[in-house]
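Accompanying notes for the structure given below.
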Amino acid sequence: MTVLEILPIGCVEDEWLRYLRDRLAEFFGEVVVSPPVEVPLRFNSRGQVLADHLLDTLASRPTAAERVLAVIDRDITVAGVDYIFGLAALGGRWAVISPFRLRDARHGREWERELFLERLLKEALHELGHTLGMVHCENSECNMKFSSTVDEIDRKSLLFCESCLGTVFSSGAEKVYATNGRGSRSFLRALLGRLRLTQKPGAEQRDKGD
Ligand SMILES: [Zn+2]
Ligand SMILES: [Zn+2]
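At position 28 of the sequence shown the residue is numbered 27 (numbering that gives the first Met the number 0), and the sequence of numbers has no breaks.
Spelled out as structure tokens, the structure:
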């Protein structure tokens, strides 16, 4: 069974999709990139794509994958905020991320490709974390820390803290995922084994280095 499907919505750079596939496969095992699809989008008055509407639309699409990460290269948002980097239903199967605002250069610096790709991966893992029932975290290193700017994304880690990983096995979430069969349990094991944020000195550097 496919653990994770990456689904491009419209035109998304192949290189970014391949990067996500290869890096996410390190954590989740089998990851497939599906051919791009076109779906009806809904826009707000500023011309931004409404991400909650998109997730609702996608949810009716059949998939054999445990989780689906949609990628759309457009400015996305939900009502009441200026923009978002991604969205997922808590404990759901679907998540969406947008590279659109992750391209921003750091203050006074040139655009950096490696930094952009790292942000993309962090956002993917963050939204997938929500699909596992993880909520926002106050630990400044933890990937589940809420980010409203790219600087905030740059400051946090790729990985999840012990407390966030613990919530995946808290009473409610465990029941939900236990009913999803073997695929879900292996998904959880993969997460717990490889996405643990350690406090060891140097761990942060190693994560960035490969
Ligand atoms: Zn979040
Ligand atoms: Zn955390």
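Think of the CB as a built atom: it goes at the ideal place given N, C-alpha and C, for glycine as much as any other residue.
8 Å Cβ cutoff met for residue i and residue j
i	j	result
L6	V67	yes
F159	L196	yes
A104	A94	no
N142	L157	yes
V80	M133	no
T56	V38	yes
S162	C136	yes
V2	V30	yes
H125	G85	yes
Y236	D74	Given a span of 0 to 209 for the chain in the structure shown, any question on residue 236 remains unanswerable.
L23	L119	no
K155	K121	yes
G91	T62	no
L16	V32	yes
Cβ-based burial, residue i [other Cβ within 10 Å; buried from 16]
i	result
L89	exposed
A58	exposed
E109	exposed
A69	buried
C10	exposed
E4	buried
A123	buried
T148	exposed
G128	buried
I152	buried
S44	exposed
F42	exposed
E12	exposed
R205	Residue placement at R205 cannot be trusted, given a pLDDT of 39 that sits under 50; what the coordinates show is reported in the next sentence. By the 10 Å Cβ count, R205 comes out exposed.
E14	exposed
> Can you list, in chain order, the stretches of the alpha helix (DSSP H) that have 4 or more residues and sit fully within the segment 83-157?
Replying inline: 112-130, 149-154
>> Just to confirm the assignment: which complete alpha helix (DSSP H) runs, minimum length 4, are found wholly within the segment 17-77?
In response: For the segment 17-77, whole alpha helix (DSSP H) runs of length 4 or above, ordered along the chain, are 50-58.
> Quick one, what's near ligand 2 if you take every residue whose CB is closer than 5 Å to any heavy atom, in chain order?
Replying inline: C136, N138, C141, M143, C160, C163
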